[in-house]
Structures are given as structure tokens and as C-alpha cells.
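The block underneath contains the structure these notes are about, expressed in C-alpha cells.
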Amino acid sequence: MSTVTPTDWQTRPAPETAEDWIARAAAVAAVLATDAAERDRAGATPYAEVQLLKDSGLVTLLGPTEHGGGGQDWPTAYRVIREVAKADGSIGQLLGYHYLWNWAARLVGTREQWEHVEAEAAKGRWFFGGAVNPRDKDVVVTEDGDDLLFTGHKSFSTGSKVSDVTVLEGVFEGTDRHVFAIVPSDSEGLTFHDDWDNIGQRLTESGSVTLDRVRTPWASAAGYVDKEFQPRIYNTLNVPTIQLVFVSFYVGIAAGALETAATYTRTKARSWLHGGHERAVDEPYVIDTYGDLTAKLWAVEALADAVAAEGQKLHENPDAVTEQTRGDFEVRVAAAKARATDVALEIGNRIFEVTGARSTAGSEGLDRFWRNIRTHSLHDPVAYKRREVGRWVLEGELPEPTWYS
Numbered sequence: 517m518s519t520v521t522p523t524d525w526q527t528r529p530a531p532e533t534a535e536d537w538i539a540r541a542a543a544v545a546a547v548l549a550t551d552a553a554e555r556d557r558a559g560a561t562p563y564a565e566v567q568l569l570k571d572s573g574l575v576t577l578l579g580p581t582e583h584g585g586g587g588q589d590w591p592t593a594y595r596v597i598r599e600v601a602k603a604d605g606s607i608g609q610l611l612g613y614h615y616l617w618n619w620a621a622r623l624v625g626t627r628e629q630w631e632h633v634e635a636e637a638a639k640g641r642w643f644f645g646g647a648v649n650p651r652d653k654d655v656v657v658t659e660d661g662d663d664l665l666f667t668g669h670k671s672f673s674t675g676s677k678v679s680d681v682t683v684l685e686g687v688f689e690g691t692d693r694h695v696f697a698i699v700p701s702d703s704e705g706l707t708f709h710d711d712w713d714n715i716g717q718r719l720t721e722s723g724s725v726t727l728d729r730v731r732t733p734w735a736s737a738a739g740y741v742d743k744e745f746q747p748r749i750y751n752t753l754n755v756p757t758i759q760l761v762f763v764s765f766y767v768g769i770a771a772g773a774l775e776t777a778a779t780y781t782r783t784k785a786r787s788w789l790h791g792g793h794e795r796a797v798d799e800p801y802v803i804d805t806y807g808d809l810t811a812k813l814w815a816v817e818a819l820a821d822a823v824a825a826e827g828q829k830l831h832e833n834p835d836a837v838t839e840q841t842r843g844d845f846e847v848r849v850a851a852a853k854a855r856a857t858d859v860a861l862e863i864g865n866r867i868f869e870v871t872g873a874r875s876t877a878g879s880e881g882l883d884r885f886w887r888n889i890r891t892h893s894l895h896d897p898v899a900y901k902r903r904e905v906g907r908w909v910l911e912g913e914l915p916e917p918t919w920y921s
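Numbering (the working numbering), first residue to last: 517 to 921.
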């Protein structure tokens, strides 16, 4: 891939405002866009791409400024993810998951734990991966003196080989108590497998992982004090925050698809020989389609931004989060997720109607946008997101906090 060296970024002023960071993300996206289709076809481990995220400073966006972080909030992070995903959906997902796992310490950890993790992550520009697939229940945690041992298998571990640290999740043997811990990705007993072979999001390193007595100190068990977990309602914000990350790269991929298609229509598409127009851009149905898809994209972007702002109020005062405020927020997130999925899939599909038969050539790579959305949007059934909204409207029912709601 085309790369920007660390020196190139070091000569530029460090971003300070949210808009500066979004502009930095757009600059990163411009680099990724130069060979996105080629890299998608190659499917190689994205070492260079992740290094680009580090060199540009994007990995430190949510970190504390006193340790070299960007000191930004979640609404800005969502916009940054969106910008990167316009060029490369896989790298947008990797960056979004990185933000989630970096934030996981603050979500469930004690203040001492998350302050330590965030400081070290910002200083070292760590890249986070996660072995936390809730549908796999076979990771067992046991005690060995002052240490914990994680043993089992997870079907997915996004970030795997390109990560510096990995968030592990398991259940204490013989109990229903879950525990999260962050370990170095080169820890003994942690084996990432090259078995991610899906039609989309090919560069996310989302293959399976085996844990064979992966050791970590008891002190790294997030949120545990004297071996007892300290629960807060804020702990349950994991799902709405995760789902808004999904919304962000769905919308970004859709925007990238529309921009790429529009460029093709302007420069390569031919008008229909029986349509009476010399240029494709003058075809009434082409104009109508771009207008329709753009209006839908702008609407879902506006919804995503509004819901992100609502969520930020909860993040700013974690101890004030109640079941009601958490539930109302999750419903709004569910609505955004449902609309983002539908709009992104429609855009990924319908761009071919206004680019023509020649645009299906593998060298153009237009198919990657639909493949990426179709692959990840199956993460959890969107019908259940609509159900959350419908039950809230009809009965005032709040979604029960689970791994998916």
C-alpha cells in the first residue's frame, strides 16, 4: 500500500480540536484510498495500515492529553471512524474496535485501572484487539496463586496479529461471573489463527484465537477489588457504544461507495444509447438515483450524530446513568443501527445501476462496499433492533441489557 512515513506526520501540527482530528482522519483516508481495491483483493495482514493509524496519532484520539492522547470524546471518535471507513471499511472497523477496547478499561475497570491503561496506551500508541465473542462460552478462567489463567477458544478476534494488546473475556470456572483483562498480544499461550475467509471486511484480522492457560495478574481483572466485581449501571453501556461504532463504519462505507460511484459516473460511465443524452450525468434516472441515495445517507448521518451527542451526556457523568436513561439511549442506538444497515446496503447495491456493466470489473473494486456492509451487518439480526424500538414505542419497554441489547 502507499504509506506516509512518521516523519511526514511529525512535520504537521498535532490536531487539537475535534475538526482538526476529523481532518487528520480524512488525510489518512486519502492515503488508504489510493490502493484500497488492490489491498482488498490481496487480503494481506494490514501491518502497514495499522502503522499508519499509529503514525498519524489516530490511535490516541480518546487518550488523555497529558500522556500524548487527543483528549477527544465519543462523537468525535465516531466521525473519525466514518472518515477512515469511507476509504477502507476494514481499517475503519479496526480503528473502531480499537477505540472500544481501549475504552473497555473505563467501562468496567476501577479508576486506578483505567487511568493506568489509558496513560500507557497513549504513551505507547498501543493498538488494541479483542477476543470477546459472546456467542462462544468456552473460555474458562481459573486461579493460580495471584494470577488468572484463561483457557479456551474464541471464533473471532478482530485485530489479532496487528494488535499490541488484546482484551480477553472468560467465565470463572464453576460460576457465571465474567472477567475482562488486557494482556500483551504476544503472551504465551495466545495463538491467533489465519482462518478469517469471509466475503467482506477482509483486512480486519478477525480470525479465531486459542487460549492455552494465558496468564495475567489478578490485579488486571477489570473492575475487581479484593476479587469481587464492583458493578455500575454504566457497565451496561458497552452494547450501545459498540453498536454506534458499527453505525459509524457502515455510514462511512456507504459514503465511500457513493463518492466512488459518482466519480466513476462522471469520468467513465456511458449514457444509454437509446436515452437521448450524450453524458451519463445527464440521464434523468441517474440524477434521481444519486439524489435519492444522497438524501438517505445525509438523513442517517444526521441521526447518527444526534444519537452520539445523546450518548456523550451519559459518558460525561457515568455515575448518574440509570436503567431508564440507559434504556432510552439503547433504543435510539437501535434505530440508528437499523437505518444505517438498510441505507448502506441499498447504496452498496444500487450504485451499479448508475455506473453500468463495465463498473463490475474486478479492477474497479466497487463490489467491496456492498460485501463489507453485508458481511458485518450480520453481526446481530437487525430485526431485533427494530423490535427494541417497536416495543419501546408501544409499551414503553426498555431493552434488557445483554451482550446484544
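Just so it is clear, CB atoms sit at the ideal spot from N, CA and C, and this is done for glycine as well. Keep in mind the model is a prediction, meaning the values are calculated, not measured.
Relative to the C-alpha of residue i, which residue among the options is closest?
| i | options | result |
| --- | --- | --- |
| Arg557 | Ala877, Tyr900 and Ser921 | Ala877 |
| Arg598 | Asp728, Arg907 and Arg540 | Arg540 |
| Leu760 | Lys901, Lys570 and Val741 | Lys901 |
| Thr658 | Asp858, Asp728, Asn888 and Pro834 | Asp728 |
| Trp919 | Ala852, Leu753 and Val544 | Leu753 |
| Asp551 | Ser879, Pro915 and Trp886 | Ser879 |
| Val547 | Glu631, Ala778, Ile538 and Glu565 | Glu565 |
| Val755 | Ser875, Asp835, Glu535 and Gly827 | Gly827 |
| Glu532 | Glu582, Thr691, Phe845 and Arg731 | Glu582 |
| Arg782 | Gly791, Glu799 and His790 | Glu799 |
Hey, residue i and residue j: beta-carbon distance below 7 Å or not?
| i | j | result |
| --- | --- | --- |
| Ala593 | Tyr613 | no |
| Gly843 | Gly608 | no |
| Leu774 | Ile863 | yes |
| Ile889 | Ala860 | yes |
| Val802 | Val870 | yes |
| Ala770 | Leu813 | yes |
| Gly881 | Ala530 | no |
| Leu577 | Gln567 | no |
| Ala785 | Ala796 | yes |
| Asn618 | Ala603 | no |
| Val909 | Ala820 | no |
| Val847 | Val905 | yes |
| Phe666 | Val624 | no |
| Ser831 | Trp630 | It is His, not Ser, that sits at residue 831 in the sequence shown. Their beta carbons are not under 7 Å apart, which means His831 does not touch Trp630 by this criterion. |
| Ala647 | Ser606 | no |
| Gly716 | Thr561 | no |
| Leu572 | Val544 | Per the sequence presented here, residue 572 reads as Ser, with Leu not at that position. Contact flag set, yes. |
| Tyr750 | Pro650 | no |
I think residue i touches residue j, with their Cβ atoms under 8 Å apart; what is that distance to the nearest whole Å?
| i | j | result |
| --- | --- | --- |
| Glu721 | Gly675 | 6 Å |
| Gly584 | Lys639 | 6 Å |
| Asp654 | His669 | 6 Å |
| Gln840 | Leu914 | 7 Å |
I need the DSSP call for residue i, collapsed to helix, strand or coil.
| i | result |
| --- | --- |
| Leu665 | strand |
| Asp742 | coil |
| Val655 | coil |
| Ala922 | Outside the displayed range of the chain (517 to 921) lies residue 922, so it cannot be described from this structure. |
| Glu880 | coil |
| Asp589 | coil |
| Lys784 | coil |
| His694 | strand |
| Val648 | coil |
| Phe765 | helix |
At least 3 beta-carbon pairs within less than 8 Å: the stretch 677–695 vs the stretch 637–657: The count of Cβ pairs closer than 8 Å, one atom from the stretch 677–695 and one from the stretch 637–657, reaches three, so the stretches are in contact.
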